[in-house]
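Below you'll find the structure, written out as structure tokens, and then a few comments.
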Amino acid sequence: MSLASRPTPGVDPVLLARIRRGRRSEFLFAAIGLLVLLIGIGTLFTLLVQLLLTGLPHIDLDFLTSYPSRRASQAGILSAWVGTCLVMLVTAAIAVPLGIAAGVYLEEYASDNLFTQIVEINISNLAGVPSIIYGLLALGLFVYAFGFGETILTAGLVLGLLIMPVVIVATREAIRSIPREVREGAYALGADKWQVTRMFILPAAKPGILTGVIVGMARAIGETAPLVTIGALTFIAFLPPPPFRAEFPWLSFDWLWSPFTVLPIQVFNWVSRPQTEFHELAAAAAVVLLALTLLMNAFAIWIRYRARRHLG
Amino acid sequence: MRRLPTATALAALVIGSSVGSAEEATLVRIDGSSTVYPITEAVAEEFQNVHRGKFRVTVGISGTGGGFKKFCRGETDISNASRPIKESERQACAQNGVQYIEVPVAFDALAVMVNPKNDWVDCLTVEELKKIWEPEAQGKIDRWNEVRSNWPDRPLNLYGAGTDSGTYDYFTAAIVGEEGKSRGDYTASEDDNVLVQGIANDPNALGFFGYAYYRENADKLKAVPIRNPQTGQCVAPSVETARDGTYQPLSRPIFIYVNVKSLDREAVASFVDMYLDTDRIVDLVTEVGYVPLPEEAYVLGKENVDKRRTGTAFHGGSQIGVSISDILAAERKL
């Protein structure tokens, strides 16, 4: 009898209203989320399109193979992109082996004591230190104390230090995500710790480590502040000495000691000139920098893909 | 383990190939003022075109003060300077045994600019500029009619060079009367393009920076004539008025300083030779938007370099109202 008096059996109207309100706010939240996403993507897209429209017409073989010039029509980025590539090479040579080794040690070997905890806290903190601080450190330590001067070596060292925390953290995350069974299975077969690390842990962690390395390198390639601090130079119209020689020992590392300039500094220099033609050249150089970064990313994705297939 | 010897060999190679003296000997290191940079860059470009593979030149921008710091530590061979060397810098150089030759290379004018929509300002006196820029003006002189009462009651928005630049040093010395003293509540930037954009988009703006930047943006800005305190005439900035000395007190000589010891190296000596080559330098200076000195000045400069006449003819930093004939006299004095 009381059952028949209810309008819709089983559903409480208060609850129904609450559900409707819930749906409305859910829709509202999704709409706001989409709007925010569009603002972000839209800004980036506009910037990119504007950069490409201004920059692309200036990019040709001459632009890539000419030295900087006071005349915009003759200016190019040869010394800048060669400098960027060489500095990146040194950066990778410093940050990758040291970063991975440190990550493996902390994750696999280090015992959990006060010392390890202090090291860990410091690494997380280092990842958040502004890049200009690294520049000041490099100025005092590498340029003056070690006497390396304003060279490719110094630049590679400072950028290597800058991205090392990123590589360490990525390595540790990657190792942590490896299933326990892989490790236990290997130990069960009688492998020792180094064998397990070398043959199972590192290969399985490779995709994750590579992602970290690339995130770090992508940050390093666009860095200007630490390089300006160590005194990277703005006008360089020569290339570092070549790494290969005709006579023994064939390899030469003189280029490490060469003065250099890099793409972000060239962009910075051109943007601060009065003539608009140079501003367009700066956009063109920025496009090249973007292309280099994408190329580096693509390379990493390719290696990662191969590594995954290999594992599968 | 197998790979270890290779790695050791590589490491040894890297360390072994440390800074070769042959490398250093062919290198000309230059740093300093961003105002002088375009001229030195132009000379460096020509120099590299002639001597590619033989000599190498690097030019950095650390500002006049930053450049002298490196120069007096002996880290650079040549220093670009938009004002004469200061007493403190001379002492630093002397302490490290760095002797130098001072060579004026061009004349530069500072332009005072307003928005093109500004139709009330046709001339400014040094006193008015001082009233606007002196430290006491902070928070007091904020409207145009407070500068001259018949000007409109509009906000006065100021733009100027940042405190690290030789341009700021010179402007404050010439206008406020004391180097490095000015009000702090203005839009300051070391990047002159920021100032150009600011003034071009703000009808109430007033700002100052190097004439070369004004020349490139003459369609977006209006340069204000400045009353010459000696003649009482209002003079607009231009290459001609800077050269004939009527645009005063806002024109100034700019310099390079050459380390005497570095001149013993063929690379540095031939670079300075090319810098002071009268067939070339006048055109280069004009091309990058500065006022060249008369040929005689470069010949005198060359003579001072050849005879190694060291020291400065301008004691005590920025000097106001230096004309081209003053420069010639100063160069002869060395």
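Protein chains in written order, with my numbering: chain A, 180 to 491; chain B, 363 to 696. In this text, a Cβ means the ideal position worked out from N, Cα and C, and glycines have one as well.
Closest Cβ-Cβ distance between B:Asp504 and chain A: below 9 Å?
-> no
Hey, B:Gly425 and B:Gly522: beta-carbon distance below 9 Å or not?
-> no
Return no unless some Cβ of chain A is closer than 9 Å to the Cβ of B:Asn555.
-> yes
Just to confirm, are B:Asn519 and B:Lys584 a CB contact at a threshold of 9 Å?
-> no
Go through its chain and collect everything with a Cβ distance to B:Leu696's Cβ below 6 Å, but skip five positions before and after it.
-> Asn666, Arg671 and Ala675
For A:Pro165, the nearest candidate out of A:Leu381, A:Ala397, A:Gly319 and A:Phe224 (CA to CA) | Shown here, chain A extends from 180 to 491; a query on residue 165 of chain A therefore has no answer.
What distance in whole Å lies between the Cβ atoms of A:Leu320 and A:Pro405, which are believed to be in contact at a cut-off of 8 Å?
-> About 12 Å separates the two Cβ atoms, so there is no contact after all.
For A:Gly255, which of A:Leu240, A:Thr263, A:Leu268 and A:Val266 has the nearest alpha-carbon?
-> A:Leu240
Selected residue, minimal CA-CA separation from A:Ile312, among A:Leu340, A:Tyr323, A:Leu293 and A:Tyr288 | A:Leu340
Please confirm if B:Val412 has its CB atom under 9 Å from at least one CB of chain A.
-> no
Could you tell me which chain A residues have their CB closer than 7 Å to the CB of B:Asn579, listed as they occur along the chain?
-> Pro453
According to the neighbour-count rule (16 or more other Cβ atoms, all chains shown, within 10 Å of its Cβ), is A:Tyr288 buried or exposed?
-> exposed
Does the stretch 614-624 of chain B come within contact of the stretch 454-474 of chain B, defined as at least 3 CB pairs closer than 8 Å?
-> yes
Over what stretch of residues does the alpha helix (DSSP H) that includes B:Tyr530 continue unbroken?
-> Gly528 to Ile537
Three-state secondary structure (DSSP) of B:Ser613 = strand
Can you give the Cα-Cα distance for A:Ile129 and A:Leu468, rounded to whole angstroms?
-> Since the first residue of chain A shown is 180 and the last is 491, residue 129 of chain A is not available in this structure.
Alpha-carbon to alpha-carbon, A:Leu418 and B:Ile377 = Here the model assigns B:Ile377 a pLDDT of 47, short of 50, so the residue's position is not dependable, and the following value carries that caveat. Taking the straight line from one Cα to the other gives about 21 Å.
With a 10 Å radius around its C-beta and 16 neighbouring C-beta atoms as the bar for buried, classify A:Pro309 as buried or exposed.
-> exposed
What's the gap between the Cα of A:Thr244 and the Cα of B:Thr549?
-> 39 Å
Host beta strand (DSSP E) of B:Gly572 (start-end) | Ala567 to Gly572
Exposed or buried, A:Phe325, counting other C-beta atoms within 10 Å across all chains shown (16 or more means buried)?
-> exposed
Should A:Ser252 be flagged as near chain B, meaning a C-beta pair shorter than 9 Å?
-> no
Quick one: which chain B residues come within Cβ less than 7 Å of A:Ile300?
-> Under the 7 Å cutoff, chain B gives no residues; its nearest Cβ is about 32 Å from A:Ile300.
For the beta strand (DSSP E) that contains B:Ala443, what are its first and last residues?
-> Ile440 to Ala443
Can you name, in chain order, every residue of its own chain whose Cβ lies under 8 Å from the Cβ of A:Glu252, other than the five neighbours on each side?
-> With the sequence shown as reference, residue 252 of chain A is identified as Ser, and Glu is not the correct amino acid for it. Here the set comprises Glu456.
Determine the direct distance from the alpha carbon of A:Ile357 to that of A:Ser204, and round the result to whole angstroms.
-> 40 Å
Using a beta-carbon distance cut-off of less than 7 Å, what residues from the stretch 255-280 of chain A approach chain B?
-> none
Roughly how many angstroms separate the alpha carbons of B:Ala473 and B:Pro599, rounded to a whole number?
-> 6 Å
Taking the CB atoms as reference points, tell me whether B:Arg614 and B:Val558 lie closer together than 9 Å.
-> no
Taking buried to mean at least 16 other C-beta atoms within 10 Å of its own C-beta, is A:Tyr323 buried or exposed?
-> exposed
Based on the DSSP secondary-structure assignment, which residues constitute the bridge partners of B:Cys596?
-> B:Arg589
Please decide whether B:Ala471 counts as near chain A, where near means a Cβ-Cβ distance under 9 Å.
-> no
Hey, could you find the ends of the alpha helix (DSSP H) A:Gly314 is sitting in?
-> Ser310 to Ala317
Mind pulling the chain B residues with CB within less than 7 Å of A:Pro421?
-> What A:Pro421 touches in chain B: nothing, since even the nearest Cβ is about 12 Å away.
Residues in its own chain within less than 7 Å of A:Val450 by CB, not counting five upstream and five downstream?
-> His458 and Ala461
Own chain, CB closer than 8 Å to B:Val538, minus 5 neighbours either side, in chain order = Lys492, Trp495, Glu496, Pro497 and Ser544
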